[in-house]
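**Student:**
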Amino acid sequence: MSLLVAKNVVRQFEVYETKAGLAGAIAGLFQRRTPKIVRAVDDLSFSIEPGEVLGLIGANGAGKSTIVKMATGIIRPTSGSIELFGTDPFKHRIQAAQQYGVVFGQRSQLWWDLSPHETFRALISIYDLEEASASKQIAFLVDVLELKDFLNTPVRQLSLGQRVRCDIAAALIHEPRLIFLDEPTVGVDVLGKERLREHIRLINQERKVSVLLTSHEMADIERLCHRVIVIDKGRLAFSGALESLRETFGRERQMILELREAPGDLSLSSGTVSKREGNKVTIVFEAGKQSAPEILAEVARQYEVLDFHIREMPIDQVISAMYQRQQQARAAESVVRA
Amino acid sequence: MTRALSRYGVFVKLAIQNKMSFRADFWAGIGEALLTFCLGIYLWRAIYAGREELAGMSYVDMTTYLIVAALVRGALSGSPIAAIGSAYMSGANAADMLKPLSYPMIILAREAAEFALHLLFRGLPVFFAGVAFVPFHVPEFVSLPLFCVSLCFAFLLNFLLQFLVAQLVVYIHTWSGLTRFWAILVTFSTGALVPLPFFPPLLRDVLYCLPFHGMFYTPVTIFRGTPPEVSPLAELIASATTLPATAAMVLEQAAWCGVLALLAQAAWRCSSQRFMAQGG
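And the structure:
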């Protein structure tokens, strides 16, 4: 049985736009503004199965956090339905909260002036846990998340990475069946991100805790998720296995080259120049099909290369590429039909 | 029941710990309470200006009233509107909503902690300063326990009324104006600065029919032991139960708490439908 089932979920918000300038602000005192209705989540359906790590990816403002807030029962969907552990999380928020854990990477749920240890003790009372099993779980989390060194340091003195690890531990003390991780690695340095991913993977494997992970970092998704859904402007853009996403849309790479001089014409047999900025050139190519060393050698034959690096396509560009392809496919289909 | 108390008790404990860690806030609170009290004393000294009695209250009755009102004002200086409003606007309320507990009860637990702290560190210091330096009528001993009960109901009334007002934040998306409006409403309609017998009869009758007087006028009057006048509802309770007027006033507070608790529950049900949990 699925832990979470979302069916045709829509969430609208009223956004009041202010008129620009002082005159607009004064006029706003007397005129009732008409709200603009924004669909943060638009007809979204998905489910989470026991033991799986589901990646929910999308650019900033795509609707990821709104989905987490609806799934946890904090806010209500405008239409559609969400079932968490078989019940409506909005109607039965208190019962549902006993069975899930949540970490918002950008917003700590720890008490600023308390140490993680004191926080964990407080959570034992809040979740009404049995002392012996809770202490065992805390010991497990302290070990897995490597919290021992700062267990008695006030939260306000912890680094971001340490704080997020404590947040994850706090979300797992009551041994939830499902944990929502909303951008847990945001702002954390590269090494810290790697460690966090490893911790999350361990918890999923050892405790069989299902995870809904939202992120706009491909690396988070690649390291952790069995399955992904991609949303763009609240709508479902892709749902399936990670391999399938990578194969279909995520194979493009960017090669950023710094040349001795600003290049004129650059003739390439593979790859496409996507950006020129002074003596910097960005070439987009498809990993696996097009060879990075060949592209580099081809550029080096024409201009002197001072430096270069290769990076994955940012997720928002992957999504936009995905949308472009889907739109092209739809357009082609309608031409064939006509 | 004990388990529920322990679950919410954590929030009381944490709120106390949090408040105690801000020393400047602590001293500023005492300073504010003292200055407000002095303002009231100088104002009424000028109004009495040598007169023996006004609206059935002697000058000593009035200073006693102001000293006890300062105690109550200090104890009730928490602001649930600000707490709920700022948490809503910043999205910090999401952390409370993710706990397996009732959100209004979490706020109540935090406010109960503030009430206890403010009583100890704002209300009582000003009260003792007033007793030491301003004419004070020692009350009958018997009114003290009833006063304590009435003070607790005053806290509940203050909380419930502010909780109701705070639900407007979900609709108007701001809270600072609401707190300022609330502050003046309390000063005007609860008898915090001007005892209700001083108001014109029509306005006084209206104020007696509202719950606000239960926050200040009722506990202060109970402390003094002999109410010069009571509200129609308290009079009705007293005549129906043959209880003394002061006990009837406490029952009136309890009745208002019951009504407001139902209203607060309904208001929360409505506002939670529009709840947003701002921010990513």
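In the order they appear, the protein sequences are chains L and C. What the first sequence shows, in this note's numbering, is residues 1 to 338, in sequence order. What the second sequence shows, in this note's numbering, is residues 1001 to 1280, in sequence order. Cβ atoms here follow ideal geometry from the backbone N, Cα and C, with glycine treated the same way. Just so we're clear, the structure is a prediction, and the values are computed from it rather than from any experiment.
Please return the same chain residues whose Cβ sits closer than 7 angstroms to the Cβ of C:ILE1030, not counting the five positions on each side in sequence.
**Tutor:** The count along the second sequence starts at 1 and reaches residue 1030 of chain C at position 30. Hits under 7 angstroms: PHE1121, ARG1122, PRO1125.
**Student:** Short of 7 angstroms in beta carbon distance, which residues of its chain neighbour C:VAL1134, apart from the five on each side in sequence? Order them along the chain.
**Tutor:** Indexing the second sequence from 1 puts residue 1134 of chain C at position 134. The residues are ILE1041, THR1063, ILE1067.
**Student:** Do the CB positions of L:ASN279 and L:GLU294 come within less than 9 angstroms of each other?
**Tutor:** The residue labelled residue 279 of chain L in the question sits at position 279 within the first sequence. The residue labelled residue 294 of chain L in the question sits at position 294 within the first sequence. No, the pair does not count as a contact, with Cβ atoms beyond the cut-off.
**Student:** For C:TYR1103 and L:ASP189, what's the separation of their Cα atoms in angstroms?
**Tutor:** For the purposes of this step, residue 1103 of chain C is taken as residue 103 along the second sequence, with counting starting at 1. For the purposes of this step, residue 189 of chain L is taken as residue 189 along the first sequence, with counting starting at 1. When rounded, the distance between both Cα atoms is 35 angstroms.
**Student:** Please report how far the alpha carbon of L:ILE310 lies from the alpha carbon of L:VAL41, in whole angstroms.
**Tutor:** Counted from its first residue, the first sequence places residue 310 of chain L at position 310. Counted from its first residue, the first sequence places residue 41 of chain L at position 41. If I take the Cα positions, the gap works out to 34 angstroms.
**Student:** Since L:PHE285 is in the beta strand (DSSP E), which residue starts that stretch and which ends it?
**Tutor:** Counting from 1 along the first sequence, the entry for residue 285 of chain L is found at position 285. Per DSSP, L:PHE285 belongs to the beta strand (DSSP E) from 280–286.
**Student:** Please report the distance separating the alpha-carbon of L:GLU130 from that of L:ILE124.
**Tutor:** By 1-based counting over the first sequence, the position of residue 130 of chain L is 130. By 1-based counting over the first sequence, the position of residue 124 of chain L is 124. Distance between the alpha carbons of L:GLU130 and L:ILE124 is about 8 angstroms.
**Student:** May I have the straight-line CA-CA distance separating C:LEU1117 from L:PHE90, to the nearest angstrom?
**Tutor:** Taking the second sequence and counting its residues from 1, the one referred to as residue 1117 of chain C is at position 117. Taking the first sequence and counting its residues from 1, the one referred to as residue 90 of chain L is at position 90. Taking the straight line joining both Cα atoms gives about 34 angstroms.
**Student:** Between C:PRO1100, C:ALA1069, C:GLU1111, C:SER1058, which lies nearest to C:SER1079 when the distance is taken from Cα to Cα?
**Tutor:** Reading the second sequence from its first residue, position 79 is the one you call residue 1079 of chain C. Nearest of C:PRO1100, C:ALA1069, C:GLU1111, C:SER1058 to C:SER1079, Cα basis: C:GLU1111.
**Student:** Can you give me the start and stop residues for the alpha helix (DSSP H) that L:GLN302 sits inside?
**Tutor:** The residue given as residue 302 of chain L occupies position 302 in the first sequence. First-last of the alpha helix (DSSP H) with L:GLN302: 292–302.
**Student:** At 8 angstroms on the CB atoms, spell out the chain C contacts of L:PHE13, in chain order.
**Tutor:** On the first sequence, residue 13 of chain L is found 13 positions in, with the first residue counted as 1. Within 8 angstroms Cβ-Cβ: MET1276.
**Student:** Write down the C-beta distance between L:GLY288 and L:ARG251 rounded to the nearest angstrom, noting that I regard them as a contact closer than 8 angstroms.
**Tutor:** The residue labelled residue 288 of chain L in the question sits at position 288 within the first sequence. The residue labelled residue 251 of chain L in the question sits at position 251 within the first sequence. Going by Cβ atoms, the distance from L:GLY288 to L:ARG251 rounds to 6 angstroms, so yes, they are a contact pair.
**Student:** Enumerated in chain order, which unbroken segments of the alpha helix (DSSP H) with a length of 4 residues or greater are wholly contained in the segment 129–192 of chain L?
**Tutor:** Segments of the alpha helix (DSSP H) lying fully in the segment 129–192 of chain L: 131–144, 160–172.
**Student:** In chain C, what lies closer than 9 angstroms to L:ARG76 by C-beta?
**Tutor:** Sequence index remark: in the first sequence, residue 76 of chain L carries index 76 (1-based). SER1272, GLN1273, ARG1274, PHE1275, listed in chain order.
**Student:** Does DSSP put L:VAL209 in a helix, a strand or coil?
**Tutor:** Against the first sequence, residue 209 of chain L aligns to sequence position 209. Coil.
**Student:** Once DSSP output is grouped into helix, strand and coil, what is the label at L:LEU257?
**Tutor:** The residue labelled residue 257 of chain L in the question sits at position 257 within the first sequence. Strand.
**Student:** How would you label L:GLY234, buried or exposed, when you count the other beta carbons within 10 angstroms and need 16 or more for buried?
**Tutor:** Residue 234 of chain L sits at position 234 when you count from the first residue of the first sequence. By the neighbour-count rule (16 or more Cβ atoms within 10 Å), L:GLY234 is buried.
**Student:** Note down, in chain order, each residue of its chain lying with its Cβ closer than 6 angstroms to the Cβ of C:LEU1071, except the 5 sequence neighbours on either side.
**Tutor:** For the purposes of this step, residue 1071 of chain C is taken as residue 71 along the second sequence, with counting starting at 1. If we look at C:LEU1071 and ignore the five residues flanking it on each side, its Cβ neighbours are GLY1123, PHE1127.
**Student:** Closer than 9 angstroms by beta-carbon distance: list the chain L residues that pair up with C:PRO1100, in chain order.
**Tutor:** Your numbering for residue 1100 of chain C matches position 100 in the second sequence. Here the neighbours are ARG93, ILE94, GLN95, ALA96, ALA97, GLN98, GLN99, ILE126, TYR127, ASP128, HIS174.
**Student:** For C:ILE1172, which residues of its own chain have a beta-carbon under 6 angstroms away from its beta-carbon, when the five flanking residues on both sides are left out?
**Tutor:** Walking along the second sequence from the start, residue 1172 of chain C turns up at place 172. Hits under 6 angstroms: none found.
**Student:** Since L:ARG276 sits in a beta bridge, which residues does DSSP pair it with?
**Tutor:** As a position in the first sequence, residue 276 of chain L is number 276, starting the count at 1. Looking at the DSSP assignment, L:ARG276 forms a beta bridge with L:VAL281.
**Student:** Using a Cβ-Cβ cutoff of 8 angstroms, what residues of the segment 1083–1096 of chain C are near chain L? List them in chain order.
**Tutor:** Result list: GLY1091, ALA1092, ALA1094, ALA1095.
**Student:** When you compare the CB positions of C:PHE1199 and C:ALA1267, do they come within less than 9 angstroms of one another, or not?
**Tutor:** In the second sequence, the residue the question calls residue 1199 of chain C occupies position 199. In the second sequence, the residue the question calls residue 1267 of chain C occupies position 267. Not a contact, by the Cβ cut-off of 9 angstroms.
**Student:** Go ahead and label C:TYR1008 buried or exposed: buried means 16 or more other beta carbons lie within 10 angstroms of its beta carbon, across all protein chains shown.
**Tutor:** For the purposes of this step, residue 1008 of chain C is identified with residue 8 of the second sequence, where counting begins at 1. Counting Cβ neighbours within 10 Å, C:TYR1008 comes out buried, since at least 16 surround it.
**Student:** The beta strand (DSSP E) spanning L:ASP43 covers which residue range?
**Tutor:** In the first sequence, residue 43 of chain L corresponds to position 43, counting from 1. Where L:ASP43 is concerned, the enclosing beta strand (DSSP E) stretches over 36–48.
**Student:** Using a beta-carbon distance below 9 angstroms, is C:GLN1162 in contact with chain L?
**Tutor:** Position 162 of the second sequence, counted from the first residue, corresponds to residue 1162 of chain C. So no, C:GLN1162 is outside the interface.
**Student:** If you compare alpha carbons, which of L:ALA132, L:SER291, L:PHE120, L:ILE256 is closest to L:LYS275?
**Tutor:** For the purposes of this step, residue 275 of chain L is identified with residue 275 of the first sequence, where counting begins at 1. Measuring from the Cα of L:LYS275, the nearest candidate turns out to be L:ILE256.
**Student:** In the DSSP assignment, what residue or residues form a beta bridge with C:MET1057?
**Tutor:** For this step, residue 1057 of chain C is matched to residue 57 along the second sequence. Looking at the DSSP assignment, C:MET1057 forms a beta bridge with C:LEU1054.
**Student:** Within the 9 angstroms Cβ cut-off, does L:SER108 reach chain C?
**Tutor:** By one-based count along the first sequence, residue 108 of chain L stands at place 108. It does; some Cβ of chain C falls within 9 angstroms.
**Student:** Going by CA-CA distance only, name the one from C:GLU1053, C:GLY1091, C:ARG1045, C:ALA1109 that's closest to C:LEU1014.
**Tutor:** Residue 1014 of chain C sits at position 14 when you count from the first residue of the second sequence. Considering only alpha carbons, the answer is C:ALA1109.
**Student:** I want to know whether the segment 57–70 of chain L touches the segment 1041–1056 of chain C - three or more CB-CB distances under 8 angstroms.
**Tutor:** Contact between the segment 57–70 of chain L and the segment 1041–1056 of chain C is absent, because fewer than three Cβ pairs lie under 8 angstroms.
**Student:** Closest Cβ-Cβ distance between C:GLY1009 and chain L: below 9 angstroms?
**Tutor:** Here residue 1009 of chain C corresponds to residue number 9 of the second sequence, with the count starting at 1. Closer than 9 angstroms to some Cβ of chain L, the Cβ of C:GLY1009 qualifies, so yes.
**Student:** Nearest by alpha-carbon distance to L:ILE229: which of L:LEU29, L:SER2, L:SER47 is it?
**Tutor:** Stepping through the first sequence from its first residue, residue 229 of chain L is reached at position 229. Among L:LEU29, L:SER2, L:SER47, the Cα nearest to that of L:ILE229 is on L:SER47.
**Student:** Please work out which residues of its chain come closer than 6 angstroms, Cβ to Cβ, to C:ALA1113, disregarding the five sequence neighbours upstream and downstream, and give them in chain order.
**Tutor:** Mapped onto the second sequence, residue 1113 of chain C falls at position 113. Closer than 6 angstroms at the Cβ level, and outside the excluded window around C:ALA1113, lie VAL1012, ALA1015, ILE1016.
**Student:** Quick one: which chain C residues come within Cβ less than 9 angstroms of L:ASP113?
**Tutor:** In the first sequence, counting from the first residue as 1, residue 113 of chain L sits at position 113. Those are LEU1014, GLN1017, ASN1018, SER1021, listed as they occur along chain C.
**Student:** Relative to the alpha-carbon of C:SER1006, which residue among L:GLY55, L:ILE37, L:ALA122, L:VAL164 has its alpha-carbon at the smallest distance?
**Tutor:** Counting from 1 along the second sequence, the entry for residue 1006 of chain C is found at position 6. Among L:GLY55, L:ILE37, L:ALA122, L:VAL164, the Cα nearest to that of C:SER1006 belongs to L:ALA122.
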